[in-house]
Structures are given as structure tokens and as C-alpha cells.
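Asker: The listed protein sequences correspond, in order, to chains F and V. Mapping the first sequence onto the numbering used here, position 60 (from 1) lands on 60, and the numbers just tick up by one. Mapping the second sequence onto the numbering used here, position 252 (from 1) lands on 592, and the numbers just tick up by one. Think of the CB as a built atom: it goes at the ideal place given N, C-alpha and C, for glycine as much as any other residue. The structure displayed is predicted, hence computed values, not measured ones. Quick one: the structure is below, questions incoming.
2 protein chains.
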Amino acid sequence: MSNQMTIYDISKKAGVSIATVSRVLNGSSNVKPKTRKKVMDIIDQYGYKPNAFARGLGLNSMKTIGILCADSSDLYLAKAVYFIERNLRENEYNSVLCCTGYDVENKKESLKLLLSQHVDSVVMVGSNFIINEDGGNDYIKEAAETIPVMLLNADYDAPNVYCTLCDDFKATQDATESLLKSGIDDILYLYNSKSYSGQKKLAGYQNAYMTMDKEINKDLQQCFSGSHEDIEGVTSFIQKLWDDGLRFKAIVTSEDFLGVGAIKFAQNNNISVPKDLQIVGYNDSILTLCCEPAMTSVNNRLEDMCIQLVKTLIGTLTGSEMPQKIIFSGELVKRDSTSI
Amino acid sequence: MSNQMTIYDISKKAGVSIATVSRVLNGSSNVKPKTRKKVMDIIDQYGYKPNAFARGLGLNSMKTIGILCADSSDLYLAKAVYFIERNLRENEYNSVLCCTGYDVENKKESLKLLLSQHVDSVVMVGSNFIINEDGGNDYIKEAAETIPVMLLNADYDAPNVYCTLCDDFKATQDATESLLKSGIDDILYLYNSKSYSGQKKLAGYQNAYMTMDKEINKDLQQCFSGSHEDIEGVTSFIQKLWDDGLRFKAIVTSEDFLGVGAIKFAQNNNISVPKDLQIVGYNDSILTLCCEPAMTSVNNRLEDMCIQLVKTLIGTLTGSEMPQKIIFSGELVKRDSTSI
DNA sequence: AATATTTATGAAAACGCTTACATTATTTTT
DNA sequence: AAAAATAATGTAAGCGTTTTCATAAATATT
């Protein structure tokens, strides 16, 4: 079996020392081309792969990145994980995935676990890793004392913490402003409690009103706290608001599933979309194409962000000075649920 | 820093040998309760975590399972990865994720990589890991010589290979039969080239016709080879068939996104669903709730399968004799896209 | 109380690599 | 052609655990 082979076996067969084999393996320049070829041939012939543990022990790095993610069954997070994993692998890094759920203690525990595994860095996927209370993010700061911490779509200033994010504030503000400018004043903002970015988007929504010098109605800011799978829950949540007498001409959301729930609500009530109710999703996921009409949504450049994040990560690990914050601009993808 | 501490430091502080510390760490019974407590206290006090590499080297196992998955951004596969990861972690196993894409060579390469990392087992998520040609699956057999190989929703008989799957054949046959029994003869079967299970479902579809003694029209078996994101592609694919004169009263699909594309097609052509066209999806994903009307779909018990798979895996790793094949029955979840 | 048995602990080898340092081979300089 | 400089290779010491085997302590048996 090729897997039982050790560097000793290879060195013996190639008639060199284990140090030379190691040098070939690690691409050291100080080895004669002829020797390198000889060793390589043996390695290829026997399909030898160095034992990752031993290598890790020696190098104190296993070329492994920890990926922390609340819930990789969430469409958006799943895509992020996918893009990050792919990019890491292209750079010859492995990823250990760790789904933490939304509980804070769990997140901390998972992080500790990854650290004990000596990952070279840890990527936190999603803004829900930012804890919105005093000292809540110390666990990030602490981890960053040991290894670089990469935040996807979250914003946190600390040494050795690198953020790659989309300007959700601005994207939401822009979308809201477009609606306001088209003469619609009663815009419901619907967000999900799970994600901190829902707050930032809320601020963008509010800022749009301020900028346009229009009055804000607090009742039009609503938080849905169910799961990202519970579209029916969203629909009845909105229905309840409606039945309670709340009225709106547009709904701006912090996630696509909320938008879909809104479209379903409109259908149930024979409200014409976009004529009498315009709806804006967020993330530009496949859900936008499933509903009727297809939904306008903010594309927040997930793939670009992930590519950049890995680029920054690799740079940091190889000792380059890297910017600690990179911000992408979201882009409103207009479909048939709006007429702006 | 707690992370730099070694077993030596702990042993010194506790006034015992490293062997004793190791025994405490590994829960060996041969250690006096008083000693254990003493050591534990030091460990807790300093937050010591053993170096995973060294441990791996010693044990030749890092309690890590490799997860192989073509594309974890696919809703279905993402959920599978999520469930598996969660269950593994509950059993104190880590998971290294590896997205292979659909290229066979890549899959083999990724598997080799995982093996070189000395994972304790490897889980292949999805039927696309079964290569439908002579000797195509030797790579699985080979891996199984070293470690147990777990297949999710794929069927392959070999020593040390464990399959957990859903009877997609039967589920599709049942759905098709229900439609046939309700008097509809022209059922389009639409599947996706990416997944081998599309073939098994096709067989189920065909078997329904045979069982009901009805004639099969080969033109009604169509394969869409686009991406799982390309709902619009599906819609125009069906439109083309329609424009070419193909007619059908129902569409049975191998995946939800195909069903959604079908519903969109119906909408575009003012074909009433389910009155004039019934549509059945597969996987019972969130997409079924996004479209209008909500889509009937086969729930193939993904979570149950994943739980069982991990159970089987842990059993195997701990030396229990485990069944090599466990088959779940799919369940048709009826919604408004059918009237059966 | 002396001996046999069991239980708890320690010393040291092993795990398979990397790498600093020592040595040898090769090339360049004189 | 000898000396100096450089390049290639080898030797051996880590890296931080686990674990076997030997030994010491505690308990049971006579």
C-alpha cells in the first residue's frame, strides 16, 4: 500500500538521504536536477504521499484553514463555504468545516477547537459572528493573537483581523432611495434576527429616509426571527402585520427568503406585484428565479468577496502586508418584482 | 499562551510524568482519581489543549473524517454536508470538506489527498461518485482497503463500503404510477445529467409504465445538462420541446430546480398547473415553497439518511459489525402542483 | 507480617516528518 | 593545479504526543 510508505522507504529506493527527499518534497532549491528527478520518479512510481501529521508536527502547520459557519445548509452561507473551500484548495490549503449554529457559546467553543487543531487561519463566514455587546468580540481578538482571522461580510477592527465585506448599508440605502424617489413612501423593511448585517441594512434603510428628508415610521421596521427555511412563516408574519392594519407599497428585505415570503403574501391577498407592492430581496440567490414574478434583489458579490478573502489570507500567511478591510459594492439586480 | 503549552509543562506543574497526563487526556482507567483530578485542574487552569499533530502522529488518527462532495453550493448537497458535519461533531469527529466538482479525475485526486491526510474514513456525498463504466469505481474499492468508505445516496457493493440511500427508484415509480392511475399517460420525465441517481429514477419511471402496462414514449425522457442554478435554462429547454410539438400532461423530475423550471414554463405558456399540467419535483427543498403553486416533491429523508450514515460510520470505526446497506423510503409530499 | 496480586506511575522508544549543522562534491578563482 | 567558494547531500536532533514495558505503590491473600 502506497499509504504506508515513509520517507525512509523512498530515500532508500532512490539511494539518497531522507533530507534530500524532504527537500524535493518541499521544493527546496538546493537539490541537483538529476537527483530531484530520480526522487520524483520513485515518489510518482509508488504514489507516495507524506504523512500529514508528521509534516504538521515538523512544520507546525498542516496547511489547513478552519471555516466557521453558523449553518452551511443556509443557501447563502453554503455558497460562501463552497467558494472559499474551492479557492483555498486551489492554493493547496485544506479546510476544516465547523458549523456552529447561532449560539454564541457554541461559536466560541468551536473556535477553540479549531485553534487546538493548529489551523493556519480561521475564516468566519457571515456577520453573525459579530456579537453586538460589550467585549462580545474578544474571542475574535484573542484568536487573532495566534493566527490571522478572516471575516466574510462582517466588520470588526482589531489587529490581525481581516474583513472582506459588501457595503450592505449603501446597497440597502440605494434600493430604498430608488423606491422613495419613485414616489413610494411606505416601505416596509423586513429583516432576519439571525444576522447582524440585518442591522446594517436597517441603518441603510433609515438613512435613505433621512437623505430624502422623509419621515420614518417605526412600525415599518419589522424583524422576522424564524428559520431561513420557513417561507410560510414569513408569509403569515406579513399577513399578521397587514391584518393589524399596517399598510405599505413596497417591502425591502435583508434576505431573499423574506422577499419570497412577501411575494407569497401578495399572491394570497391578490395584491399585484409590482403594481401595488414592490419587493426587493437580498443576496440574489436562486430563490429570486423561483418565485413569480422573478424578484429584484441585491447581488452582494459573494464570489468576488470569497476570492478576495482567500487572496488576502494567502497573502497574510506568506508574509505580505495586506489591507485589513476590503469593501465591495452591492449591485441591485432588477427583475419583475419592482418597477424602479 | 495556552496554546504553546505542552504535555511536559503540564506534567511538571502537576508533578507527574507525561505518561500520566496522557492517560488522563485519553481517559485511561488506570489512574488514581486523586491524580486525575490534580492533573485535570492544571489542564483546566492553563486551558491546555494537546497538539493535534503530535496526537495524530501517535494515534495515527486525528479523529477526522473526509467529506467529498461535488459541489457544496448545491442546495441538496449543502444540506447533506451540514447534517453530516453536525452529526460527526456531536461524536467528536472533525470533518475536512473537499469539493471535487463533477470531473472524475478531480474526484480521484481529491480522494487521494484525503487519504494522505490520514482521515479515519471518507464520506462521499451524492450518487455522482459512482462512475458508470467498467472498473470506474475501483478508486472507491481501493480507498476501502485502507479505511471505511461511506456513500450517501449511492449504491456500490464492495468490502468496507457502506451505503446509506433512499429508494429513488421506488419513489419515482410510485409518483409516476399515481399519475398514470389518475388517467394521465403522457408524462415527461426530466432529469439532470450530473447525478447518477437520475438514471435510477428514470428506471423507476419506466417501471411504472411497465407495471401499468402502458406504452413508453422515448421522447418523453429528457435530460437537461445545465447547472443546478439555471432555472431559466430549464424553462427554455422545456419550451423548446414544446415548440417542437412534444406534448405532455405531467412532468416528473429528478430534482426540484427542474420542477421549478417546469412551473415557470407553464406560467409563460398560460398552462394551468395542476389542471393541465402536473409537476413533481424531487428533494423537497425550499424551492418547492418558492414557486407558485407550491410544488409536490419527493422527500428523500436526507436528514434521516445522514444521521444513519454517521451512526454506521461511528459503529464501524469502533469495531462494531455494521450493515453495509441501509435503504430509506422516499415520501411524496403533495402540494398544489399536482392533483393526485 | 510476609507474600502474591493488582493498580498506578514513570522511563523511554516510537510515530514520520523538517531542518540546522556538518560534510562532501563541484565549481570558480588564483 | 591548488585554494577558495559554492552547491549538494547526509547526519542527527527536534516536534509533542502515545504506548510498551519496567517499576513502584497499594491492596488482597495466606
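Assign A262(F) to one of three DSSP states: helix, strand, or coil.
Answerer: Three-state DSSP puts A262(F) in a helix.
Asker: Distance, Cα to Cα, C631(V) vs P159(F)?
Answerer: Spanning the two alpha carbons is a distance of roughly 46 Å.
Asker: Going along the chain, which residues of the segment 84-111 of chain F sit with their C-beta nearer than 9 Å to a C-beta in chain V?
Answerer: Correct list: E85, R86, R89, N94, S95, V96, L97, C98, C99, G101 and S110.
Asker: Under 8 Å between the Cβ atoms of G281(F) and G259(F)?
Answerer: Cβ atoms of G281(F) and G259(F): closer than 8 Å.
Asker: Would you call the CB atoms of L415(V) and L75(F) closer than 8 Å?
Answerer: Yes.
Asker: Do S127(F) and N153(F) have their beta-carbon atoms positioned less than 8 Å apart in this structure?
Answerer: Taking 8 Å as the Cβ cut-off, N153(F) and S127(F) qualify as a contacting pair.
Asker: Check for me: the beta strand (DSSP E) holding A590(V) runs from which residue to which?
Answerer: A590(V) -> beta strand (DSSP E) spans A590 to T593.
Asker: Short check: CB of T504(V) to CB of Q648(V), under 8 Å?
Answerer: Contact flag set, yes.
Asker: On a CA-only basis, which of C563(V), I407(V), C439(V) and E517(V) is nearest V459(V)? Give me that one, please.
Answerer: Here the closest residue by C-alpha is I407(V).
Asker: Just grab the DSSP bridge partners of F668(V) for me.
Answerer: BP columns for F668(V) point to C506(V).
Asker: Could you give the DSSP three-state label for G585(V): helix, strand or coil?
Answerer: Of the three classes helix, strand and coil, the one that applies to G585(V) here is coil, per DSSP.
Asker: Give me the residue from A171(F), K218(F), D230(F) and I216(F) with the minimum Cα distance to N192(F).
Answerer: Among A171(F), K218(F), D230(F) and I216(F), the Cα nearest to that of N192(F) belongs to D230(F).
Asker: Answer with yes or no whether the minimum CB distance from F605(V) to chain F is below 8 Å.
Answerer: Not closer than 8 Å to any Cβ of chain F, the Cβ of F605(V) fails to qualify, so no.
Asker: List, from N- to C-terminal side, the beta strand (DSSP E) runs of 3 residues or more that fit wholly inside the segment 369-442 of chain V.
Answerer: You should have 404-409 and 434-439.
Asker: Considering C630(V), what are the terminal residues of the alpha helix (DSSP H) in which it resides?
Answerer: Counting along the chain, the alpha helix (DSSP H) containing C630(V) begins and ends at L627 to C630.
Asker: Looking at the strands, I want to know which residues DSSP matches up with V361(V).
Answerer: Answer by DSSP bridge pairing: none, since V361(V) is not bridged.
Asker: Could you compute how far the alpha carbon of L528(V) sits from the alpha carbon of R86(F)?
Answerer: Each residue's Cα considered, the two are about 36 Å apart.
Asker: Distance check for K558(V) and A515(V), CA to CA, integer angstroms please.
Answerer: Spanning the two alpha carbons is a distance of roughly 19 Å.
Asker: Tell me which residue opens and which closes the beta strand (DSSP E) that T296(F) is part of.
Answerer: Unbroken beta strand (DSSP E) run through T296(F): T296 to N299.
Asker: What does the Cβ neighbour count give for K275(F), buried or exposed, with the cut at 16 atoms within 10 Å?
Answerer: Classification for K275(F): exposed.
Asker: For M150(F), which three-state DSSP category applies?
Answerer: If DSSP states are grouped into helix, strand and coil, M150(F) belongs with the strands.
Asker: Would you say V673(V) and D624(V) are within 8 Å of each other, going by their C-beta atoms?
Answerer: Yes; because the gap between Cβ atoms is below 8 Å, this pair is in contact.
Asker: Taking the C-alpha atoms as reference points, what is the distance between Y549(V) and K521(V)?
Answerer: Near 10 Å, if we compare the C-alpha coordinates of K521(V) and Y549(V).
Asker: When the distance is taken between beta carbons, is T575(V) closer than 8 Å to N610(V)?
Answerer: Not closer than 8 Å, so no.
Asker: At the level of alpha carbons, what is the spacing between I326(F) and E661(V)?
Answerer: Distance between the alpha carbons of I326(F) and E661(V): 52 Å.
Asker: Measuring only between beta-carbons, confirm whether M1(F) sits less than 8 Å from chain V.
Answerer: Any reading at M1(F) must be qualified, since the residue scores a pLDDT of 37, below 50, and its modelled position is unreliable; the value itself is stated next. Output row for M1(F): interface = yes.
Asker: Please list, in chain order, the chain V residues whose beta carbon lies closer than 7 Å to that of S73(F).
Answerer: The contacting residues are A418, K419 and Y422.
Asker: I need the DSSP call for Y156(F), collapsed to helix, strand or coil.
Answerer: Coil at Y156(F), not helix or strand.
Asker: Note down, in chain order, each residue of its chain lying with its Cβ closer than 6 Å to the Cβ of A511(V), except the 5 sequence neighbours on either side.
Answerer: Only V638 and G670 meet the Cβ criterion.
Asker: Here's the rule I'm using: 16 or more other beta-carbon atoms within 10 Å means buried, otherwise exposed. How should T354(F) be labelled?
Answerer: No statement about residue 354(F) is possible, as the shown extent of chain F runs from 1 to 340 and does not include it.
Asker: Whose Cβ in chain F lies nearer than 9 Å to the Cβ of A394(V)?
Answerer: The answer, in chain order, is F53, G56 and L57.
Asker: How would you write the range of the beta strand (DSSP E) that Q561(V) sits in, first residue to last?
Answerer: Where Q561(V) is concerned, the enclosing beta strand (DSSP E) stretches over Q561 to F564.
Asker: What residues of chain F sit near V600(V), judged by a beta carbon separation below 8 Å?
Answerer: Ordered by position in chain F, the residues that pass the 8 Å Cβ test against V600(V) are L289 and C290.
Asker: I'd like the list of long-range same chain contacts for D526(V), defined as Cβ closer than 8 Å, with 5 residues on each side in sequence excluded.
Answerer: Counting only Cβ-Cβ distances below 8 Å, and skipping sequence neighbours, we find N557, L560, R587, F588, K589 and A590.
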